[in-house]
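Number of protein chains: 2
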Amino acid sequence: MSGDLHMSPDEFRRRGHEMVDWVADYFERIEQLPVISRVEPGEVRAALPAAAPEEPEPFAAVMRDLDEIIMPGITHWQSPHWYAYFPANSSGPSLLGEMAAAGLGVQGMLWATSPAATELETVVVDWMVDLLGLPTAWKTTGPGGGVIQMSASDSTLVALVTAREQAAAPTDTLVVYASDQTHSSLEKGARIAGYGHVRSIATDAEYALDLAALEQTIAQDRDAGLTPAFVAVTVGTTATTAVDSVRRTAGIAAREGMWCHVDAAYAGSAMICPEFRHHQDGLELVDSYTFNPHKWMLTNFDCNLYYVADRRPLLEAMSILPPYLRNEATLSGDVIDYRDWHVPLGRRFRSLKLWFVLRHYGAEGIRRFIREHVRLADELAARLEADDRFELVAPHPFALVVFRHTDGNAATSELAKRLNDSGRAAVTPTTLGDISAIRISIGSTRTTAEHVDQLWSMIDELA
Amino acid sequence: MSGDLHMSPDEFRRRGHEMVDWVADYFERIEQLPVISRVEPGEVRAALPAAAPEEPEPFAAVMRDLDEIIMPGITHWQSPHWYAYFPANSSGPSLLGEMAAAGLGVQGMLWATSPAATELETVVVDWMVDLLGLPTAWKTTGPGGGVIQMSASDSTLVALVTAREQAAAPTDTLVVYASDQTHSSLEKGARIAGYGHVRSIATDAEYALDLAALEQTIAQDRDAGLTPAFVAVTVGTTATTAVDSVRRTAGIAAREGMWCHVDAAYAGSAMICPEFRHHQDGLELVDSYTFNPHKWMLTNFDCNLYYVADRRPLLEAMSILPPYLRNEATLSGDVIDYRDWHVPLGRRFRSLKLWFVLRHYGAEGIRRFIREHVRLADELAARLEADDRFELVAPHPFALVVFRHTDGNAATSELAKRLNDSGRAAVTPTTLGDISAIRISIGSTRTTAEHVDQLWSMIDELA
Numbered sequence: 001m002s003g004d005l006h007m008s009p010d011e012f013r014r015r016g017h018e019m020v021d022w023v024a025d026y027f028e029r030i031e032q033l034p035v036i037s038r039v040e041p042g043e044v045r046a047a048l049p050a051a052a053p054e055e056p057e058p059f060a061a062v063m064r065d066l067d068e069i070i071m072p073g074i075t076h077w078q079s080p081h082w083y084a085y086f087p088a089n090s091s092g093p094s095l096l097g098e099m100a101a102a103g104l105g106v107q108g109m110l111w112a113t114s115p116a117a118t119e120l121e122t123v124v125v126d127w128m129v130d131l132l133g134l135p136t137a138w139k140t141t142g143p144g145g146g147v148i149q150m151s152a153s154d155s156t157l158v159a160l161v162t163a164r165e166q167a168a169a170p171t172d173t174l175v176v177y178a179s180d181q182t183h184s185s186l187e188k189g190a191r192i193a194g195y196g197h198v199r200s201i202a203t204d205a206e207y208a209l210d211l212a213a214l215e216q217t218i219a220q221d222r223d224a225g226l227t228p229a230f231v232a233v234t235v236g237t238t239a240t241t242a243v244d245s246v247r248r249t250a251g252i253a254a255r256e257g258m259w260c261h262v263d264a265a266y267a268g269s270a271m272i273c274p275e276f277r278h279h280q281d282g283l284e285l286v287d288s289y290t291f292n293p294h295k296w297m298l299t300n301f302d303c304n305l306y307y308v309a310d311r312r313p314l315l316e317a318m319s320i321l322p323p324y325l326r327n328e329a330t331l332s333g334d335v336i337d338y339r340d341w342h343v344p345l346g347r348r349f350r351s352l353k354l355w356f357v358l359r360h361y362g363a364e365g366i367r368r369f370i371r372e373h374v375r376l377a378d379e380l381a382a383r384l385e386a387d388d389r390f391e392l393v394a395p396h397p398f399a400l401v402v403f404r405h406t407d408g409n410a411a412t413s414e415l416a417k418r419l420n421d422s423g424r425a426a427v428t429p430t431t432l433g434d435i436s437a438i439r440i441s442i443g444s445t446r447t448t449a450e451h452v453d454q455l456w457s458m459i460d461e462l463a
Numbered sequence: 001m002s003g004d005l006h007m008s009p010d011e012f013r014r015r016g017h018e019m020v021d022w023v024a025d026y027f028e029r030i031e032q033l034p035v036i037s038r039v040e041p042g043e044v045r046a047a048l049p050a051a052a053p054e055e056p057e058p059f060a061a062v063m064r065d066l067d068e069i070i071m072p073g074i075t076h077w078q079s080p081h082w083y084a085y086f087p088a089n090s091s092g093p094s095l096l097g098e099m100a101a102a103g104l105g106v107q108g109m110l111w112a113t114s115p116a117a118t119e120l121e122t123v124v125v126d127w128m129v130d131l132l133g134l135p136t137a138w139k140t141t142g143p144g145g146g147v148i149q150m151s152a153s154d155s156t157l158v159a160l161v162t163a164r165e166q167a168a169a170p171t172d173t174l175v176v177y178a179s180d181q182t183h184s185s186l187e188k189g190a191r192i193a194g195y196g197h198v199r200s201i202a203t204d205a206e207y208a209l210d211l212a213a214l215e216q217t218i219a220q221d222r223d224a225g226l227t228p229a230f231v232a233v234t235v236g237t238t239a240t241t242a243v244d245s246v247r248r249t250a251g252i253a254a255r256e257g258m259w260c261h262v263d264a265a266y267a268g269s270a271m272i273c274p275e276f277r278h279h280q281d282g283l284e285l286v287d288s289y290t291f292n293p294h295k296w297m298l299t300n301f302d303c304n305l306y307y308v309a310d311r312r313p314l315l316e317a318m319s320i321l322p323p324y325l326r327n328e329a330t331l332s333g334d335v336i337d338y339r340d341w342h343v344p345l346g347r348r349f350r351s352l353k354l355w356f357v358l359r360h361y362g363a364e365g366i367r368r369f370i371r372e373h374v375r376l377a378d379e380l381a382a383r384l385e386a387d388d389r390f391e392l393v394a395p396h397p398f399a400l401v402v403f404r405h406t407d408g409n410a411a412t413s414e415l416a417k418r419l420n421d422s423g424r425a426a427v428t429p430t431t432l433g434d435i436s437a438i439r440i441s442i443g444s445t446r447t448t449a450e451h452v453d454q455l456w457s458m459i460d461e462l463a
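The structure is reproduced here in structure tokens:
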């Protein structure tokens, strides 16, 4: 094709430098931007033309629209004032790894389609087993193994499908169990996988799975002729980061012949620090585990890790080998083909950014990062506890603090609204049973003690 | 956190410029690199340490290992000598859009979590309806709508699950129909969705779905008490880019009450040129459609588009609203929350790169790009046809040429091996029934007439 159609390497070099500067400038000014976008529904869409351009447009016009039309509609997840949902970390090394991966543009669906993409993935998922104190049997050298997927929703779906295929009863008689605090992806995955029944089990005073209630529900289902097939254990629930007992739930699962899946999507990052690992005690008894470095481990979305204790049922459930994917390496059995570990066939070279992050920070750097956020959360929690206007509504084992205004739900909701309207914070209002509460999730890459002090001053002032 | 832990915006700026240069340099030398990596299984892995570093490492060390350890294990999908599988396009504007999206690091799971991410996606998926000549009812302003997903496998799974939820019979009695040339993601998706039966229907002399065989199998299944529920129509099969009849298959689907899904993962890109649209005649009769701009439309992976004619059954099958995701905008019904359109909750700002591509090239630029590759494929096919040593084994409606050596399967396989071993081409050997064949897929971003001439010379010489 002629040079005027494609962007030449030289023009890419020039525009690429501009874009890197644009991103670096963004990081320099992000702290000053209103965290939550103030556009109204339809505002961005109305500012864009109804049809694509027929002829090429100058790159400068695209950059201008990025600044003028898109940016006002951005909610700044990378702001140091971000306390909403869970963090969606990125970092310099991660972005650089993403750039390299996009530039190479390889498909890692098979070992043969780009061997380094497969082998680096194997190396980093094995590294993570040691870094997080996971069972060594989960390494590729053991019977298990790990793989990078897009999200915990995808991992949980794969776990549900694998368990369903292992179950010796019709799908519509199979039952999935999880606490009423479990992430919605479990219910969604169970629906997609076709499970007949999903039981939402009560939680205890600390919002952790009530094991007596679990056992009672299982017994009732057995009596009704149903087959308990799957139980989800959450280490760090979405609403409050509550921790279900891995060991005790896995014991029940073993006795009942159920698949036991652990969702540590958020809290998994903390396990790089040994002092948090008591929360995952019993992992050697479970079947599968999901964790998101793209939340609180400095690696930009998407980067979810999925581990299984035994890779055979996973491969049996997920592998199909059509003629156009046959190749010597696959047929030899000497290599891993990660397409057999999840739903999609195509896959980006996502291990590259995680490798960049692990090498730039080192394990010790990531531990410092995690510990500082946990310390800041503990401090904020202490301030809230010491003030009569506020009360904590749940323990804070990691870096999420959940509290309410002692004047009740209306005052709590109003405080959340004022904080979010201030432009200087994003928090998530939620409900726990009948209680309105505010989630303060400390974990954004650039959040420091100074930012949390500012947040506390705002809470103090706006309450 | 202290500045020495994170990469500062200034250091990111410097390293970012280095990385852009690394990518630009790669594009300048990519043509000279052996297309297919020559590493042996385990070679890359053995060169990497068994444990992650405890302490931070200098960035230069990471870049050195990228060059020395990773690069020899890369198979160059972006090489202009890439003729294997299908293309996995990238382009300058796409990479710049990806950089911006990664820098912003927003989650577009809800409108409220970053309004511009949702609204730009709506705009570009609606633009694409006009660009590809899709039914206007598929625009967001109509009853249908489009969404960006990771891959056609993900889209097809969503279609299968939605259809299953619409079906009025038990899942294990539901039957999925597709030609024996259908992509493996159909069988995989049907297995994941729990369908009881998948029928592989014979194809005609041009490898398109044999409609008489389809009708006969449906009748047999009805007689056996089963429920025909889903039929897949492929516009551009993987092996030969054969085209099933959309209109006639959709007619059968309507009569039988089946969901009709169109997989145009590869060939969808060609539809930006009106002269190819006769291949998709009848789309107004189907329920869902999947197409990958990340194959042959200059947009780097991942960027799959999924359209439905009616979004209601999709949303009924996929939406779940837990307390922590409730918000005014969602409850008002005035906005789109794309998490309800697919499996994962989290989502990258992928519309940005597609928007960059559409504006940089304009529709006319993309048409030139597609038409040039089709012209080159036609020329290569004419050369092969005119030579007694070769014969085409299938029609070539787009830019894939499939041929064999007239000396038979061994000669064909040997030619494929020689081409791939040359380092100057990557082609895909495949089988069609008992016939060995070679797939030449012309569609890499930088593939020009000169490259295809070189390929022809090699075929001529090595045969």
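The listed protein sequences derive, respectively, from chains A and B. Everything in the first sequence is counted per the numbering used here, starting at 1 for the first residue and increasing by one. Everything in the second sequence is counted per the numbering used here, starting at 1 for the first residue and increasing by one. The beta carbon of each residue, even a glycine, is placed where N, CA and C say it ideally should be.
- With fewer than 16 neighbouring CB atoms inside 10 Å of its own CB, Arg29/A falls in the exposed class.
- C-alpha of Ala208/A to C-alpha of Val231/B: approximately 44 Å in a straight line.
- Here DSSP, grouped into helix, strand and coil, assigns Tyr306/A to strand.
- Residues of the same chain with a CB within less than 6 Å of the CB of Leu352/A, apart from the 5 flanking positions on each side, are Gly97, Ala100, Ala101 in chain order.
- With respect to the 8 Å criterion, Ser200/A and Ala219/A are not classified as neighbours on the basis of their beta carbons.
- Within the DSSP secondary-structure output, Ile336/B pairs in no beta bridge.
- When the beta-carbon positions are compared, Thr240/B and Val39/B stay at least 8 Å from each other.
- In this structure Ala117/A is not in contact with Asn304/A, their Cβ atoms being roughly 17 Å apart against a cut-off of 8 Å.
- Contacts with chain A (Cβ-Cβ distance below 7 Å) from the region 124–141 of chain B involve Trp127, Asp130, Leu131, listed in chain order.
- Not a single CB atom of chain B sits nearer than 8 Å to the CB of Ile438/A.
- Against chain B, the CB of Arg368/A has a partner CB under 8 Å away; the residue lies at that interface.
- Annotated three-state conformation of Phe230/B is strand, per DSSP.
- Shown here, Pro397/A sits in coil according to DSSP, grouped into three states, outside any helix or strand.
- For the pair Ala254/B and Pro274/B, the Cα-to-Cα distance works out to about 27 Å.
- Inter-residue distance for Leu315/A and Val262/A is about 19 Å (C-alpha atoms, whole angstroms).
- Chain-order list of chain A residues neighbouring Gln78/B: Gly103, Leu104, Gly105, Val106, by C-beta distance under 9 Å.
- Cys260/B is bridged by DSSP to Val231/B.
- In this structure, the beta-carbon distance from Ser319/B to Asp340/B falls below 8 Å.
- Here Glu328/A is exposed: its Cβ has fewer than 16 other Cβ atoms, across all protein chains shown, within 10 Å.
- Where Thr290/B is concerned, the enclosing beta strand (DSSP E) starts and stops at 288–291.
- By the C-beta density criterion, Ser37/B is buried, having at least 16 other C-beta atoms within 10 angstroms.
- The straight-line gap separating the alpha-carbon atoms of Leu415/B and Ile459/B is approximately 8 Å.
- The beta carbon of His405/B sits no closer than 8 Å to any beta carbon of chain A.
- Beta-bridge annotation (DSSP): Ala437/B is paired with Thr430/B.
- The beta carbon of Gly133/A sits closer than 7 Å to those of Met271, Pro274, Arg277, all from its chain and outside the five residues before and after it, given in chain order.
- For Pro135/A, same chain residues with a beta-carbon under 6 Å away, outside a window of 5 residues either side, are Leu283, Glu284 in chain order.
- The beta carbon of Leu432/A sits closer than 8 Å to the beta carbons of Tyr207, Ala239, Thr240, Val393, Ala394, Val402 from its chain, once the five residues preceding and following it are set aside; these are given in chain order.
- The three-state reading of DSSP puts Arg38/B in coil, since its state is none of H, G, I, E or B.
- Around the CB of Thr141/B, fewer than 16 other CB atoms lie within 10 Å, so the residue is classed as exposed.
- For Ser422/B, no Cβ of chain A is located within less than 8 Å of the residue's own Cβ.
- In terms of beta-carbon proximity, Asn300/B lines the interface with chain A, with at least one pair separated by less than 8 Å.
- Between Ala463/A and Val427/A, the alpha-carbon positions lie close to 14 Å from each other.
- The continuous stretches of beta strand (DSSP E) do not include Gln454/B, which lies in the alpha helix (DSSP H) extending over residues 449–462.
- Interface with chain B (8 Å Cβ-Cβ cutoff): Ile201/A is excluded.
- Within chain B, Tyr361, Gly365, Arg368, Phe369 have C-beta atoms less than 8 Å from the C-beta of Leu5/A, given in sequence order.
- Residues of the same chain with a CB within less than 6 Å of the CB of Tyr195/B, apart from the 5 flanking positions on each side, are Leu174, Val176 in chain order.
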